[in-house]
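Going by our numbering, the residue at position 131 of the sequence shown is 136; the numbering climbs one at a time, nothing skipped. We treat Cβ as the ideally placed atom computed from N, Cα and C, and that holds for glycine. Working notes for the structure below.
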Amino acid sequence: MGLRKLDEGVYLYPGSPGTLIKVLDDEAVIIDPGHGGGRHKDLKREIRKLGVKLKAQLATHGHADHVAVAPRLDAPLFMHRFEFSIAESPLNRELLTFGSKAPRGFLVFQFPEEVRVHAVFEWGDELFGMETIQLSGHSPGMTGFVDNENSLLYAGDSFFGERVINSVGLPYLVDLGLYKASIKELQNYAENGYLLIPSHGKPVKGEEALNLLNFNLARVEETESLILEFLEKPMSMAELAFRVMKHYGVEATPQKLALNLVPVRAFIAELYNEGKIEALVDNGLRWKIRRD
């Protein structure tokens, strides 16, 4: 694997997530260093090839697959203030994904090491020639980095490639309303000709970007309708997640089912708050459509 040049002084190192490298004079900053045993060595090698030194690391959010190798790179890590405790605490990362301490080896990116965040920022701050914007929904402090000079936006996990969604079933999200709002914000950038770079998927622009954003939006809107249809009969969240995965043709492994339970909880919260469903106790906690 090697660097892909996106524009003058801007490169993408492939992976899941991909890592953006932006060169500023004789220094470079990277976004989402990623994970993997040799990832830090690969990034150091590519930065040396560019003839620059690493100045700083930025992260879109604190999930382990985005920041696991950060401690192995000799540069400070910057993150939104809503995310630093997620990055720094292995337990917080498990809580966000699993809802409690997770069984060992159960989560795909269960990373026990601590990650030190050196600086926090607010949305709207400018960092290293890039504007930080709110793209939350996937995670509380999910941040996009906008390079207006080169008309590109590193969007992290605010949207996903089709292959990723089809392999799991649902986009991973913790707040349905915020996820939709972020997609609509990204649509504005796509309509203005920006190259959009998801962490998991290929960079997209123009009509291709709008089609992919619409695919993300359509999947969550369809799932809202599906859940209301399924809840004609009372169901637990686990039963509901299983039915949704079956509808989208996804094999229900324990790990994928646990992953889909997170967005299903977010759907339940949204529909309950809108008064469309209600809770009941029937051999456990179940949910059903509300009929007044």
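Can you tell me whether residue i is buried or exposed, with buried defined as 16 or more other CB within 10 angstroms of its CB?
{"i": "L218", "result": "buried"}
{"i": "M37", "result": "For the record, residue 37 in the displayed sequence is Asp; it is not Met. Answer is buried; the Cβ neighbour count reaches 16."}
{"i": "D30", "result": "exposed"}
{"i": "N278", "result": "exposed"}
{"i": "Q260", "result": "exposed"}
{"i": "G198", "result": "exposed"}
{"i": "N3", "result": "In this structure the chain extends from 6 to 297, so residue 3 is not present and cannot be described."}
{"i": "G146", "result": "buried"}
{"i": "E13", "result": "exposed"}
{"i": "S141", "result": "buried"}
{"i": "V286", "result": "exposed"}
{"i": "D70", "result": "buried"}
{"i": "G20", "result": "buried"}
{"i": "P108", "result": "exposed"}
Over the uninterrupted beta strand (DSSP E) stretch that includes residue i, give me the two end residues.
{"i": "H252", "result": "That residue, H252, is in no beta strand (DSSP E); its alpha helix (DSSP H) goes 242 to 252."}
{"i": "E136", "result": "135 to 139"}
{"i": "G161", "result": "157 to 161"}
{"i": "D152", "result": "148 to 152"}
{"i": "Y18", "result": "15 to 18"}
{"i": "V286", "result": "282 to 286"}
{"i": "P203", "result": "200 to 203"}
{"i": "L29", "result": "24 to 29"}
Under three-state DSSP, which class holds residue i?
{"i": "G182", "result": "helix"}
{"i": "D79", "result": "coil"}
{"i": "R9", "result": "strand"}
{"i": "K58", "result": "strand"}
{"i": "T258", "result": "coil"}
{"i": "A304", "result": "Shown here, the chain extends from 6 to 297; a query on residue 304 therefore has no answer."}
{"i": "L175", "result": "coil"}
{"i": "G142", "result": "coil"}
{"i": "K210", "result": "coil"}
{"i": "E88", "result": "coil"}
{"i": "F126", "result": "strand"}
{"i": "R291", "result": "strand"}
{"i": "E99", "result": "helix"}
{"i": "E32", "result": "strand"}
{"i": "E131", "result": "strand"}
{"i": "L217", "result": "helix"}
{"i": "L63", "result": "strand"}
{"i": "P268", "result": "helix"}
In chain order, what residues of the same chain lie with their CB nearer than 8 Å to the CB of residue i, ignoring the 5 residues before and after it?
{"i": "H123", "result": "P81, L82, F83"}
{"i": "E51", "result": "G7, L8, Y16, Y18, I26"}
{"i": "I170", "result": "P176, F220, N221, R224"}
{"i": "L100", "result": "K106"}
{"i": "V249", "result": "G174, L175, T228, L231, I232, F235, N265, V269"}
{"i": "E196", "result": "L215"}
{"i": "G134", "result": "K27, L29, D152, E154"}
{"i": "E119", "result": "P76, E93, S94, P95"}
Can you name, in chain order, every residue of its own chain whose Cβ lies under 7 Å from the Cβ of residue i, other than the five neighbours on each side?
{"i": "E237", "result": "I294"}
{"i": "I188", "result": "F164, L218, N221, L222"}
{"i": "N97", "result": "S90, I91"}
{"i": "K182", "result": "Looking at the sequence provided, one finds Gly at residue 182 rather than Lys. If we look at G182 and ignore the five residues flanking it on each side, its Cβ neighbours are E275."}
{"i": "V209", "result": "L201, L217"}
{"i": "T137", "result": "F126, W128, G129, D130, T148, F150"}
Whole-angstrom Cβ separation of residue i and residue j, contact assumed at under 8 Å?
{"i": "F150", "j": "G206", "result": "No, F150 and G206 are not in contact; Cβ-Cβ is about 16 Å, not under 8 Å."}
{"i": "T148", "j": "T65", "result": "5 Å"}
{"i": "S94", "j": "G161", "result": "Contact flag wrong, Cβ pair sits at about 20 Å."}
{"i": "R86", "j": "V125", "result": "4 Å"}
{"i": "G23", "j": "V74", "result": "Not confirmed; about 14 Å, so no contact."}
{"i": "L157", "j": "L200", "result": "4 Å"}
Identify, in the order they occur along the chain, each residue of the same chain with its Cβ nearer than 6 Å to the Cβ of residue i, setting aside the five sequence neighbours on each side.
{"i": "I232", "result": "F272"}
{"i": "V179", "result": "A271"}
{"i": "S241", "result": "G289, R291"}
{"i": "L59", "result": "A33, I52, A80"}
{"i": "E283", "result": "R295"}
{"i": "S144", "result": "H66"}
{"i": "Y159", "result": "L25, I36, F150, I202"}
{"i": "E131", "result": "none"}
{"i": "K251", "result": "none"}
{"i": "E88", "result": "H66, G67, G146"}
{"i": "V255", "result": "G174"}
Need the endpoints of the alpha helix (DSSP H) that residue i sits in, please.
{"i": "V72", "result": "69 to 72"}
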